Amino acid sequence: MTLDQIEAKMRKRLSQFRAFNGAAKFDFGKDGLLRLDASKSPATLHREDGEAVCTIRMTLDNFDRMLDGELNPTLAFATGKLKVQGSMGSALKLAALLEE
Numbered sequence: 001m002t003l004d005q006i007e008a009k010m011r012k013r014l015s016q017f018r019a020f021n022g023a024a025k026f027d028f029g030k031d032g033l034l035r036l037d038a039s040k041s042p043a044t045l046h047r048e049d050g051e052a053v054c055t056i057r058m059t060l061d062n063f064d065r066m067l068d069g070e071l072n073p074t075l076a077f078a079t080g081k082l083k084v085q086g087s088m089g090s091a092l093k094l095a096a097l098l099e100e
């Protein structure tokens, strides 16, 4: 799985993030990052770093599994496959939107 592939999957789902109403970063370590900005409509996705209410850290493969519904975000957090920095409430809201 590459950052390009994850970005393409996320772009197809941007409309479902309207309810997030904020900005979040997905940090994939050496593989790069994506920043979701749903503070205004339409939501946007960028590779540039910037302000975010929360940062989600995980591998590209685990994030792909989560997008495909094969990995539950809560279980990923509990087992250390997903780490959160910043607002836990925002991260939980985002996780719920990712599961849709």
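Be aware that the sequence shown starts at 1, since it is given in full-length UniProt numbering, and climbs by one per residue. For every residue, glycine included, the Cβ atom is placed at its ideal position computed from N, Cα and C. Note that this is a predicted model, so its numbers are computed, not measured.
Straight-line Cα distance separating residue j from residue i
{"i": "D37", "j": "C54", "result": "11 Å"}
{"i": "R11", "j": "E51", "result": "20 Å"}
{"i": "D49", "j": "F77", "result": "23 Å"}
{"i": "G69", "j": "F17", "result": "16 Å"}
{"i": "K40", "j": "Q85", "result": "22 Å"}
{"i": "R47", "j": "T2", "result": "13 Å"}
Secondary structure of residue i, DSSP reduced to three states
{"i": "L82", "result": "coil"}
{"i": "F20", "result": "helix"}
{"i": "R65", "result": "helix"}
{"i": "L71", "result": "coil"}
{"i": "D27", "result": "strand"}
{"i": "D4", "result": "helix"}
{"i": "R13", "result": "coil"}
Whole-number beta carbon distance between residue j and residue i, since they are thought to touch under 8 Å
{"i": "R35", "j": "A19", "result": "Wrong, their Cβ atoms sit about 18 Å apart, outside the cutoff."}
{"i": "A95", "j": "P73", "result": "4 Å"}
{"i": "I56", "j": "K93", "result": "That pair is no contact at about 12 Å."}
{"i": "L45", "j": "E7", "result": "7 Å"}
Residue i burial status per 10 Å Cβ neighbour count (16 or more: buried)
{"i": "M88", "result": "exposed"}
{"i": "L33", "result": "buried"}
{"i": "S15", "result": "exposed"}
{"i": "K30", "result": "exposed"}
{"i": "L71", "result": "buried"}
{"i": "L75", "result": "exposed"}
Would you be able to state if there are at least three C-beta pairs under 8 Å between the region 56-64 and the region 80-96? yes
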